[in-house]
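Engineer: Counting from 1, position 709 in the sequence shown corresponds to residue 931 in this note's numbering; the numbering is continuous, with no gaps.
One structure coming up, written as structure tokens, with questions to follow.
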Amino acid sequence: MSGFRLRDGGVVDRSRPLKFRFDGKSYSGYAGDTLASALLASGVRLFGRSFKYHRPRGVLSAGHDEPNALVELREGARREPNVKATTIELYDGLVASSQNRWPSLAFDALAVNGLMKPFFSAGFYYKTFMWPASFWEKVYEPAIRRAAGLGRASGVEDPDSYERSNAFCDLLVVGGGPAGLSAALAAGRAGAKVILCEDEPTLGGRLLSDQDTIDGAPGARWASAAAAELASLRNVRVLTRTNVVASFDGGSFAALERVCDHLPEPRPFTPRQRFWRIVAKRAILAAGAIERPLPFPDNDRPGIMLSSALRTYLNRFAVAAGKSVAVYTTTDDGWLTARALIGAGLAPVAVIDARREAPAAFADVAKAVPTILGGAVVSTEGAKGLKAITVESAAGSRRLEVDALAMSGGFNPAIQLASHFGGRPAWSQEIHSFVAGSVKAGLEPVGAAAGTFALGEILEQGAKAGASVAQDLGFSGKTGAIASAAPTATGLAPAWWRPTPAKDAKVFLDFQHDVAASDVTLSYREGYRSVEHLKRYTTLGMATDQGRTSNLDALAVMAQLTGKSIPDTGVTLARPPVAPIALGAVGGDHRRKAFRPTRETPVHAIALKAGSSFLDAGQWKRPQYFPASKEETLAEAAIREVTAVRSHVGVTDVSTLGKIEVEGPDAGAFLDRVCAVRPSAIKVGRCSYLIMLREDGFLMDDGMIARYAQDRYVVYTSTAHAAQAYRHMQYCRQALWPELDANLTAVTDVWAQFAVAGPKSPLLMQALVDAPATITRTTFPPMTAAELTICDGVPARLCALSFSGERAFELAVPAGYGAALFERILELGAGYGVTPYGSEAMGVMRIEKGHPAGGEINGQTSPYDLGFARALAKNKDHVGRVLSQRPALVDPARPRLVGVAPLDPTHRVRAGAHVVPVDAALSAENDHGWLSSACYSPTVESWIGLAMVSRGPERIGEEVRIFDPVRGDDYRAKIVSSCFYDPNGERTRG
């Protein structure tokens, strides 16, 4: 026999029938159904195949703990693999198909793997496919790849959109069952700002599946009234279809809202899913508990399911899992299922309880149906669905013909979120399971998540927790009366599987990965006895359900093998996310062009109008040059622009440089620790060179630091490393030294900034600044920084900095003034011969001066390599100080920065070429370095380059061979100083 729909009952809407297809066959269900409940109501028992042995599998649970009923949902571009049928809301036109089978679900050729179980035991992949070696790439790997995985991705672009959103609250309540509703009501009534997240579309949790009464009314009705009251409170936000999937430091939580997953396709201009970042002052974990299956031989046949799941299908969806049902339990909850079956007119064939006495609270059930006390299911029958079970007890052995078996082995509190905080679970002997142990302040488990299963106690615990949080946060409103419920029977006794070699191979613990008790025994025999080793050796708990229904039963087997208790055996920690989430939801709208948005500088339109081409620099589009005519090439323009800067004055947009404001009483102390120089020694109104190291002692970035006030600095980083430097500084502030009173603000986009360089730059700057500011060598010498106004009152920041080797300034104004200022500079500078120049000319001038940039600061160079060693502060600690002094990083034989000039000035120099001694053979052993940057210098009238050469500074004047095998070039050059122009810096000082 098979499942069917009851004539009445449930919370499904029978006035709204829905059509759907599964594996090409048409079925019908009702609004409020899940795919699993609708298929069960249609008599479907076979939902899928197991991963390794391809054994037939049916529904085990009714929620996210489902390991068996994984399907491919939808078709075409929206096809999604590995979706749990127990969590899919039914909608009209739904299309789903089974997976991990061939050619069909009913006849799966790979079920032959079950006959090869002795060869496919735990860890078989570590011991097989070793011989012959040539077979690996030709035979073994292709075959394994074809068999690997469960479902199929669509293979085409996802047509849907996703959103990311942020929310802040006083209290986050995770779970909308009786505990979560009580907590949210108490805190919300008191006036606290509450966010309640519930994974289901309707609040109520177990109240929707059980027949309890609260305050004299059905539990589902109480839940509906509580939901209505929460909706009326303006300080409470309820997010249904929302699963809190991760918890982080600082009260941050990640949640996934399935906005339109219950529809055939999202509504116009509506995301399919929304990824929430919720920051809460306090959080209450009311996620409930997960029922444990009972281990016994062939316990994985379709028709065998968790007791609470069978009751959910019966009471909530009005679906009977079978016509001949037995209950196998070690808990009072199993008897509750038997009572529900009797109430639906489906009296169980038998109630088998491993305990020797029936619970007193269920005397009515014991009288109504046959009971087998002290019994155990020892075998089952049925190829693609359960047909019979064999039960052994003190009275002997009995065979019962059944088509469904409800099993209940106890409950595991859903403490995954608490584990994300790093707290180790603690063993509770009272409930024979793990509960949240040392949880960080701010997260409190309540109800079933705390190991409390009596409904009255759950309601009281939730209400008191919500009221306590509200009071602690200063809210004094009335929290209302605590709801009451009749006493609930919650007795249980463990029934762990005792390792039995003759039967272990058929006792499945992890249903999805086919991990049996025999695999745990094999892991023990081969020395993998740590719970972490057990997990990885057998793949226990590594399936999509993360071991919710399997881990504890497996730990119990290992505990018996090692002679330890379960808590002494240990337990693995859950990792985020709690439930599978789509990568698209995490990425949000960061896809297509938005994945790397086009960022334009303030002068982009001006450069575009001038005919410039653009270069990707970091996240920005920077103009390479400003052509004087349509015929002028990039090389010709660069020569013209460099010459103009060297002889007159030029202006370029440097708005893309990273700008990070550091403010606060401890700003100087913070920068002293982050930077390899000493920013606290910079006087107000002055600048200094910036050197920032990684923790491993390698150079992260260089730049400048300006101090505008006693407690306020601006750090100027390179364009390419701006984001990395900011992340690093935030990590240092938040994780390493949170006690320092310093705030960081990224203001790169806030300020437009221009470099004005050349011998006539002081004159042009004087024309721009407002009185009384004066720009002379004595009033505004190099390395001066000031906040002033320009152009009749526009606020500005001015620094006397040079990257070109000429007297130069960097002028910053609010970004909105950027384009107007650039045009004003060109207008006022016309009399001084001003020329706009692009990134190409800037690169030429920095190579002429020997300034390292991206080609040299590539993550592989140290301060010593680039000649910065003398600039490092010697008498203070900072990030990377110790490791930067490692012998390998200060070895004179390391490649170090030098200049390279070809013997033939007209011979083109390209970056990437190798430096080889003149008389040495071309081999890796004789590779002494590489060219990192190269250009044609109109100032030197020669091609030049910067290079990283072993013992470079010691080899100035040496002739070397430059070999470029990729581009077929081979020529002679001389190693020279890295500074080709004005080595004494006289022009920079004006």
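Every residue, glycine too, gets a C-beta built ideally from N, C-alpha and C.
(1) Alpha carbon to alpha carbon, how far is S641 from T1083?
(2) So, do the region 699 to 713 and the region 397 to 412 have three or more beta carbon pairs nearer to each other than 8 Å?
(3) Between H276, P278, K247 and S272, which lies nearest to S264 when the distance is taken from Cα to Cα?
(4) Could you tell me the boundaries of the beta strand (DSSP E) in which Q165 lies?
(5) Can you find at least 3 beta carbon pairs, one from the region 567 to 585 and one from the region 518 to 535, that sit closer than 8 Å?
(6) With DSSP collapsed to three states, give me the class of M223.
(7) Indicate, with yes or no, if the ligand MG has a heavy atom lying under 7 Å from the CB of Y953.
(8) I'd like the list of long-range same chain contacts for F1185, defined as Cβ closer than 7 Å, with 5 residues on each side in sequence excluded.
(9) Based on the DSSP secondary-structure assignment, which residues constitute the bridge partners of T1225?
(10) Using only the alpha-carbon positions, how far apart do G225 and G604 sit?
(11) How would you call I366, buried or exposed, if buried means at least 16 neighbouring beta carbons within 10 angstroms?
(12) Just the C-alpha distance for Q841 and A816, rounded to the nearest angstrom, thanks.
(13) Per DSSP, what kind of secondary structure is E853 in: helix, strand or coil?
(14) Measuring alpha carbon to alpha carbon, tell me which residue in V657, H1073, A582 and P716 is nearest Y631.
(15) Just checking my contact of A560 with V591 at CB under 8 Å: how many whole Å lie between their CB atoms?
(16) Assign M922 to one of three DSSP states: helix, strand, or coil.
(17) Opposite G1151 in the DSSP bridges: which residues?
(18) Roughly how far, in whole angstroms, is the beta-carbon of A839 from the beta-carbon of T941, given that I think they are within contact range, below 8 Å?
(19) Can you list the beta strand (DSSP E) stretches of 3 or more residues lying completely in the region 979 to 1049, in chain order?
(20) Output needed for S376: all residues of its chain with C-beta closer than 6 Å, excluding positions within five of it in sequence on either side, in chain order.
(21) Classify C482 as helix, strand or coil using the three-state DSSP reduction.
(22) Sorted by chain position, which residues of the same chain lie with C-beta nearer than 7 Å to L452's C-beta, five sequence neighbours on each side aside?
(23) Taking S530 as part of the beta strand (DSSP E), name the residues at either end of that continuous run.
(24) If the criterion is Cβ atoms closer than 8 Å, does the pair R533 and A562 meet it?
(25) If we ignore side chains and look at the alpha-carbon of each, how far apart do E1070 and S1159 end up?
(26) Three Cβ pairs or more, each shorter than 8 Å: is that satisfied between the region 274 to 288 and the region 233 to 251?
(27) By the 10 Å Cβ neighbour count, where 16 or more other Cβ atoms means buried, how is K725 classified, buried or exposed?
(28) With a Cβ-Cβ cutoff of 8 Å, do Y746 and L783 count as a contact?
(29) Thinking just about the alpha-carbon of each residue, which of F733, F329 and G1212 is nearest to the one in P1003?
(30) Helix, strand or coil: how does DSSP classify R368 here?
(31) Could I get the ranges of all uninterrupted beta strand (DSSP E) runs contained in the region 552 to 602, with 3 residues as the minimum, in chain order?
(32) Looking only at C-alpha atoms, which of T551, M338 and R758 sits nearest to Y348?
(33) Please classify L337: is it buried, with 16 or more other beta-carbons within 10 angstroms of its beta-carbon, or exposed?
(34) Out of T970, S1026 and V599, point me to the one whose CA is closest to T865's CA.
(35) Helix or strand or just coil, what does DSSP make of T823?
(36) Which residue comes first and which comes last in the beta strand (DSSP E) that contains W649?
Structural biologist: In terms of the structure at hand:
(1) 40 Å
(2) yes
(3) K247
(4) Not covered by the structure: residue 165. The range shown for the chain is 223 to 1212.
(5) no
(6) Residue placement at M223 cannot be trusted, given a pLDDT of 43 that sits under 50; what the coordinates show is reported in the next sentence. Correct three-state label for M223: coil.
(7) For the ligand MG, the structure offers nothing, since it holds no ligand at all.
(8) The answer, listed in chain order, is A1135, H1136, V1138, L1144 and D1192.
(9) This structure leaves residue 1225 out entirely; the chain is present only between 223 and 1212.
(10) So the two alpha carbons sit approximately 16 Å from each other.
(11) Exposed is the label assigned to I366, since fewer than 16 other Cβ atoms lie within 10 Å of its Cβ.
(12) 12 Å
(13) coil
(14) Looking at the sequence provided, one finds Gly at residue 631 rather than Tyr. Of the candidates V657, H1073, A582 and P716, the one whose C-alpha sits nearest the C-alpha of G631 is P716.
(15) 6 Å
(16) strand
(17) DSSP, once it has assigned bridges, lists V1137 and V1171 as partnering G1151.
(18) A Cβ-Cβ separation of about 5 Å places A839 in contact with T941 under the 8 Å criterion.
(19) 1007 to 1012, 1016 to 1021 and 1030 to 1036
(20) Counting only Cβ-Cβ distances below 6 Å, and skipping sequence neighbours, we find A299 and R301.
(21) coil
(22) If we look at L452 and ignore the five residues flanking it on each side, its Cβ neighbours are A406, L407, G410, L418, V458 and V460.
(23) Where S530 is concerned, there is no enclosing beta strand (DSSP E), although the alpha helix (DSSP H) it sits in stretches over S529 to N537.
(24) Yes, Cβ-Cβ distance for R533 and A562 is below 8 Å.
(25) 7 Å
(26) no
(27) K725 should be labelled buried.
(28) In this structure, Y746 sits near L783, with a CB-CB distance shorter than 8 Å.
(29) The shortest C-alpha separation from P1003 is found at G1212.
(30) helix
(31) 572 to 575 and 593 to 595
(32) For the residues T551, M338 and R758, the minimum Cα distance to Y348 belongs to R758.
(33) Burial call: exposed.
(34) Nearest of T970, S1026 and V599 to T865, Cα basis: S1026.
(35) coil
(36) A648 to S650
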